[in-house]
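A quick write-up on the structure given underneath.
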Amino acid sequence: MSALLPEPPPLRLFFALWPDAGVRETLGRLVRSLRRTVKGRWVEPDKLHLTLAFLGAVPAERLPELTAMTGDLDLPPFELALDRLEYWQRNRVLCLGASATPPLLIELVGILNSKLGRAGFPVERRPFRPHLTLARKAEAAWSAMPLKTSVTWPVDRVTLVESRLSRAGPLYLVRAEKQWRAMPEMAAMK
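Here the UniProt record's numbering is used: the first residue of the sequence shown is 1, the next is one more, and so on.
Quick look at the structure:
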């Protein structure tokens, strides 16, 4: 008689753009300046990210499939300019948004959603709107405001992230990452 092992709990997963140290430092300065004028539950700078696709609870045995999917996401690097603050009153969320979405970001989300859909994962049907959540339970007297100086984010990687919820807030673990290499002609131009 063999004992049945319990199934591992599902993993709470999402695909995201994860800022490098330089972008994270810039975002941290922006958050510190905003804390003086906007009340809210602020996201710690080391947890700031831009979600591409939220998967929710995923059986642990599907992690290798999603890790392989991450490795298949191959695009040239591109820049994302986050240039506006947005306050979503209904959700009480303060975000950093983009006036213009780079075509390569739209392509990345499209490829990702196609792969996820073919693998049987639910995909978001609403148009993708890039935003980086800065604070929750926020209070602001405006709905949108341009930044004096945009945050320029050189995007060169995509990550698969696990979110573990706790009383202290979410803990994010990068489970897989794909870094893109600059195309030879781009490297020559620098």
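Yeah, the Cβ is synthetic: ideal placement off N, Cα and C, and Gly gets one too.
Keep in mind that this is a model prediction, so the values were computed, not measured.
### Task
Less than 8 angstroms between the CB atoms is what I'm expecting for Asp20 and Trp180, so what's the real figure, rounded?
Numbered from its first residue, the sequence shown carries residue 20 at position 20. Numbered from its first residue, the sequence shown carries residue 180 at position 180. Contact doesn't hold; Cβ gap of about 13 angstroms is too wide.
### Query
From Pro130 to Thr26, what does the alpha carbon distance come to, in whole angstroms?
Residue numbering aside, residue 130 sits at position 130 when the sequence shown is read from its first letter. Residue numbering aside, residue 26 sits at position 26 when the sequence shown is read from its first letter. C-alpha separation (whole angstroms): 18 angstroms.
### Message
Whole angstroms are fine: how far does the CA of Trp142 sit from the CA of Ala57?
### Response
Here residue 57 refers to the residue found at position 57 of the sequence shown. Here residue 142 refers to the residue found at position 142 of the sequence shown. Distance from the CA of Ala57 to the CA of Trp142, rounded to the nearest whole angstrom, comes to 34 angstroms.
### Query
Measuring CB to CB, does Lys47 end up less than 8 angstroms from Arg92?
For the purposes of this step, residue 47 is identified with residue 47 of the sequence shown, where counting begins at 1. For the purposes of this step, residue 92 is identified with residue 92 of the sequence shown, where counting begins at 1. No. Outside cutoff.
### Where Glu79 falls: helix, strand or coil (DSSP)
Along the sequence shown, one-based indexing puts residue 79 at 79. Here Glu79 sits in strand by DSSP.
### Cβ-Cβ distance between Leu82 and Ser33 below 8 angstroms
Reading the sequence shown from its first residue, position 82 is the one you call residue 82. Reading the sequence shown from its first residue, position 33 is the one you call residue 33. Note that the C-beta distance between Leu82 and Ser33 is not below 8 angstroms.
### Query
What are the boundary residues of the beta strand (DSSP E) that Ala138 is part of?
Your numbering for residue 138 matches position 138 in the sequence shown. DSSP places Ala138 inside the beta strand (DSSP E), whose first and last residues are His131 to Glu139.
#### Entry: N-terminal and C-terminal residue of the alpha helix (DSSP H) that Ser33 is part of
Locating residue 33 in the sequence shown gives position 33, where the first residue counts as 1. Judged by DSSP secondary structure, Ser33 falls within the alpha helix (DSSP H) whose first and last residues are Ala21 to Leu34.
### Task
Compute the distance between the beta-carbons of Ala60 and Val161, then report whether it is under 8 angstroms.
Sequence index remark: in the sequence shown, residue 60 carries index 60 (1-based). Sequence index remark: in the sequence shown, residue 161 carries index 161 (1-based). For the pair Ala60 and Val161, the CB atoms are not nearer than the 8 angstroms cut-off.
### Query
Is the CB of Glu86 under 8 angstroms away from at least one CB in chain D?
In summary, chain D is missing from the structure at hand, where a single protein chain is found.
### Task
Return helix, strand or coil for Glu7, following the three-state DSSP convention.
Taking the first residue of the sequence shown as position 1, residue 7 is located at position 7. DSSP, read as helix, strand or coil, puts Glu7 in coil.
### Query
Cα separation between Phe121 and Ala140?
Here residue 121 refers to the residue found at position 121 of the sequence shown. Here residue 140 refers to the residue found at position 140 of the sequence shown. The alpha-carbon of Phe121 is positioned some 36 angstroms away from that of Ala140.
### Task
State yes or no: is the C-beta of Ser163 within less than 8 angstroms of the C-beta of Tyr172?
Here residue 163 corresponds to residue number 163 of the sequence shown, with the count starting at 1. Here residue 172 corresponds to residue number 172 of the sequence shown, with the count starting at 1. The answer is yes: Cβ separation under 8 angstroms.
### Task
Compare the beta carbon distance of Pro146 and Glu79 with 8 angstroms and say whether it is the shorter of the two.
Indexing the sequence shown from 1 puts residue 146 at position 146. Indexing the sequence shown from 1 puts residue 79 at position 79. For Pro146 and Glu79, no; Cβs fall outside 8 angstroms.
### Message
Between which residues of its own chain and Thr159 is the CB-CB distance below 6 angstroms, once the five residues before and five after are set aside?
### Response
Numbered from 1 along the sequence shown, position 159 holds the residue referred to as residue 159. So the list reads Ala16, Trp18, Val174 and Glu177, once near-sequence residues are dropped.
### Range of the contiguous beta strand (DSSP E) that encloses Leu52
On the sequence shown, residue 52 is found 52 positions in, with the first residue counted as 1. Going by DSSP, Leu52 is part of the beta strand (DSSP E) stretching over Leu50 to Val58.
### Query
Do Leu85 and Pro13 come within 8 angstroms of each other at the CB atom, strictly closer than that value?
Position 13 of the sequence shown, counted from the start, is the residue given in the question as residue 13. Position 85 of the sequence shown, counted from the start, is the residue given in the question as residue 85. Reading the sequence as shown, one finds Leu at residue 13 and not Pro. In this structure, Leu85 does not lie closer than 8 angstroms to Leu13 by Cβ.
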